[in-house]
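Heads up: the structure comes next, in structure tokens.
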Amino acid sequence: MAAEIVNPRSDSGTEQEGGVEPLDSFDPAFALHRGGKMAVQATVPVRDKDDLSLAYTPGVAKVCTAIAEKPELVHDYTWKSSVVAVVTDGTAVLGLGDIGPEASLPVMEGKAILFKQFGGVEAVPIALACTDVDEIVETVVRLAPSFGGVNLEDISAPRCFEIERKLQERLDIPVFHDDQHGTAVVTLAALRNAARLTGKTLADLRAVISGAGAAGVAIAKMLVEAGIGDVAVADRKGVVSADREDLTPVKRELAGFTNKAGLTGSLEAALDGADVFIGVSGGTVPEEAVASMAEGAFVFAMANPNPEVHPDVAHKYAAVVATGRSDFPNQINNVLAFPGIFAGALQVRASRITEGMKIAAAEALAGVVGDDLAADYVIPSPFDERVAPAVTAAVAAAARAEGVARR
Numbered sequence: 007m008a009a010e011i012v013n014p015r016s017d018s019g020t021e022q023e024g025g026v027e028p029l030d031s032f033d034p035a036f037a038l039h040r041g042g043k044m045a046v047q048a049t050v051p052v053r054d055k056d057d058l059s060l061a062y063t064p065g066v067a068k069v070c071t072a073i074a075e076k077p078e079l080v081h082d083y084t085w086k087s088s089v090v091a092v093v094t095d096g097t098a099v100l101g102l103g104d105i106g107p108e109a110s111l112p113v114m115e116g117k118a119i120l121f122k123q124f125g126g127v128e129a130v131p132i133a134l135a136c137t138d139v140d141e142i143v144e145t146v147v148r149l150a151p152s153f154g155g156v157n158l159e160d161i162s163a164p165r166c167f168e169i170e171r172k173l174q175e176r177l178d179i180p181v182f183h184d185d186q187h188g189t190a191v192v193t194l195a196a197l198r199n200a201a202r203l204t205g206k207t208l209a210d211l212r213a214v215i216s217g218a219g220a221a222g223v224a225i226a227k228m229l230v231e232a233g234i235g236d237v238a239v240a241d242r243k244g245v246v247s248a249d250r251e252d253l254t255p256v257k258r259e260l261a262g263f264t265n266k267a268g269l270t271g272s273l274e275a276a277l278d279g280a281d282v283f284i285g286v287s288g289g290t291v292p293e294e295a296v297a298s299m300a301e302g303a304f305v306f307a308m309a310n311p312n313p314e315v316h317p318d319v320a321h322k323y324a325a326v327v328a329t330g331r332s333d334f335p336n337q338i339n340n341v342l343a344f345p346g347i348f349a350g351a352l353q354v355r356a357s358r359i360t361e362g363m364k365i366a367a368a369e370a371l372a373g374v375v376g377d378d379l380a381a382d383y384v385i386p387s388p389f390d391e392r393v394a395p396a397v398t399a400a401v402a403a404a405a406r407a408e409g410v411a412r413r
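Last residue of the sequence shown? That's 413 in this note's numbering, and every number before it is there in order.
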């Protein structure tokens with residue numbers, strides 16, 4: 007069976023209870039979502055009794071017996087190696103927050119069709135009616151035999167870090183929290199190209215990240231892994247530094263590998279002389295703080311729908327500006343990363359997604375831009391057909407090089 011990108015919405019046009027006109031009669035978003043955004047489609051015909059006897063009983067028994075005797079055959083004779091579970095508990099959905107599992111489903115369906123559209127990967131949305139870390143872990147572990155990978159989505163921090171860690175410890179399939187790692191991969195790719203455009207290297211740059219949640223922590227880790235000169239991360243109380251006594255375990259770890267300059271105080275103070283601003287927190291950064299950054303700085307203001315620094319302001323001071331929005335150039339969009347990353351991991355039946363695989367994905371993504379590099383083009387469009395094949399190939403090669411590939 008395959009998750010097909012179709013819209014099986016009803017065209018009955020019936021009114022809602024009480025004679026109220028349906029929402030989709032005046033809002034195209036509701037019209038598109040009626041009936042959901044995806045369906046299940048068979049990949050083999052069942053036209054007659056011969057087809058039925060092969061697809062189901064008695065033919066299926068031969069395949070079941072073979073898998074029972076040699077479990078690795080499940081990858082060859084079921085859809086397991088080509089399908090990802092998109093798992094959420096609905097606690098951090100887009101910019102909407104904790105809206106619950108049912109309300110998260112339109113987003114999870116959307117994620118599933120992006121997997122298919124941009125990476126050729128089948129995906130199934132799974133919204134869980136629990137928020138306890140161990141309950142989520144146990145539930146996903148019990149579901150895992152049906153899937154080749156797990157994409158964690160819209161789970162609030164700091165629980166998301168522990169859930170991902172515990173799942174990867176217990177499962178031998180890739181577990182990937184896209185809000186963390188997808189964002190980090192695309193950010194690194196754009197930053198590499200911004201540096202190349204201006205004749206710099208990552209080692210030349212001092213970055214400041216606004217937001218110490220899932221995305222901010224992952225971006226910081228990846229930038230350090232990739233060789234950034236220095237990076238400081240700020241939360242609502244200021245720069246995350248080792249001298250603070252209010253840090254969570256995740257932030258204490260963060261303080262241990264960031265902020266080599268020993269900065270303290272506010273985000274605005276940290277931006278003085280900084281080469282890079284990366285926003286993954288919302289809020290607004292004062293213009294005077296942006297103006298205090300180094301000449302030729304980069305501003306990646308990725309909050310949606312309102313960037314931390316509006317591009318009109320950022321362009322006054324920055325050499326390269328990126329946002330999370332599709333109506334401005336240089337959109338930092340996770341869809342550039344996660345479909346190809348999973349496609350590459352599934353292709354080689356990787357047991358996990360390593361840091362090396364993520365950095366390989368970022369390098370491949372940056373490489374798609376090639377000689378067309380410009381201030382308004384440091385990252386390709388999600389609709390660039392070169393993206394997914396480049397990322398897939400790079401991730402598969404990195405998995406083999408790091409010894410986590412099984413074919």
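Even glycine gets a Cβ: it sits at the ideal position worked out from N, Cα and C.
Reduced DSSP secondary structure (H/G/I, E/B, other) of Ala280: Counting from 1 along the sequence shown, the entry for residue 280 is found at position 274. Correct three-state label for Ala280: coil.
Own chain, CB closer than 6 Å to Gly244, minus 5 neighbours either side, in chain order: Against the sequence shown, residue 244 aligns to sequence position 238. Gly271, Ser272.
What is the DSSP secondary structure of Pro112, counted as helix, strand or coil? Looking up residue 112 in the sequence shown gives position 106. Here Pro112 sits in helix by DSSP.
Mapping the DSSP letters down to three states, classify Glu128 as helix, strand or coil. Position 122 of the sequence shown holds residue 128. Reduced to three states, the DSSP call for Glu128 is strand.
Measuring CA to CA, which of Leu371, Lys172, Ile215, Asp210 is closest to Gly233? Working through the sequence shown from its first residue, we reach residue 233 at position 227. Cα-wise, what sits closest to Gly233 is Asp210.
Within 10 angstroms of its Cβ, does Leu29 collect 16 or more other Cβ (buried), or is it exposed? Sequence index remark: in the sequence shown, residue 29 carries index 23 (1-based). Exposed is the call here.
Nearest to His321 by CA position, among Asp382, Asn199, Thr189, is which residue? For this step, residue 321 is matched to residue 315 along the sequence shown. Cα-wise, what sits closest to His321 is Asp382.
Please find out if some non-hydrogen atom of the ligand MG comes closer than 7 Å to the beta-carbon of Val282. Absent from the structure shown: the ligand MG. Ligands present: none.
Environment of Ala109 [buried if 16+ CB atoms lie within 10 Å]: Taking the first residue of the sequence shown as position 1, residue 109 is located at position 103. Exposed.
When burial is assigned at 16 or more other CB atoms within 10 Å of the CB, is Asn340 buried or exposed? One-based indexing of the sequence shown puts residue 340 at position 334. Buried, because 16 or more other Cβ atoms sit within 10 Å of the Cβ of Asn340.
Whose C-beta lies closer than 8 Å to the C-beta of Phe153 among residues of the same chain, with five residues either side of it excluded? Within the sequence shown, residue 153 is the residue found at index 147, counting from 1. Shown here for Phe153: same chain residues with a beta carbon closer than 8 Å to its own, the five before and five after excluded, namely Lys86, Val89, Val90, Ala91, Val130, Ile179 in chain order.
On the criterion of 16 or more Cβ atoms from any shown chain inside 10 Å, does Gly279 qualify as buried, or is it exposed? Looking up residue 279 in the sequence shown gives position 273. That one is exposed.
So what's Ile215 in DSSP terms, helix, strand or just coil? Looking up residue 215 in the sequence shown gives position 209. Here Ile215 sits in strand by DSSP.
Pro431 burial status per 10 Å Cβ neighbour count (16 or more: buried): Outside the shown range of the chain, which is 7 to 413, sits residue 431, and nothing can be said about it.
Return yes when the Cβ of Ile365 is within less than 8 Å of the Cβ of Glu259, no when it is not. Counted from its first residue, the sequence shown places residue 259 at position 253. Counted from its first residue, the sequence shown places residue 365 at position 359. It is not a contact, given that the beta carbons lie outside the stated cut-off.
To which residues does DSSP link Phe182 through a beta bridge? The sequence position of residue 182 within the sequence shown is 176, counting from 1. The partner list for Phe182 (beta bridge, DSSP) reads Asn157.
If you draw a straight line from the alpha carbon of Gly205 to that of Ala300, how long is it in whole angstroms? Working through the sequence shown from its first residue, we reach residue 205 at position 199. Working through the sequence shown from its first residue, we reach residue 300 at position 294. Answer to the nearest angstrom: the Cα atoms are 15 Å apart.
Distance between Ala118 and Ala58 (C-alpha atoms, nearest Å): As a position in the sequence shown, residue 58 is number 52, starting the count at 1. As a position in the sequence shown, residue 118 is number 112, starting the count at 1. Checking the sequence shown, residue 58 turns out to be Leu, not Ala. Approximately 29 Å between the Cα atoms of the pair.
Work out the CA separation of Ala238 and Arg171 for me, nearest whole Å. If you number the sequence shown from 1, residue 171 lands on position 165. If you number the sequence shown from 1, residue 238 lands on position 232. Between Arg171 and Ala238, the C-alpha separation is close to 24 Å.
Member of Val80, Gly285, Ala307, Tyr323 whose CA lies at the smallest distance from the CA of Phe334: Within the sequence shown, the letter at position 328 stands for residue 334. Closest by alpha carbon: Ala307.
Can you tell me where the alpha helix (DSSP H) holding Val146 begins and where it ends? On the sequence shown, position 140 is the one that residue 146 refers to. Element bounds for Val146: 139-149.
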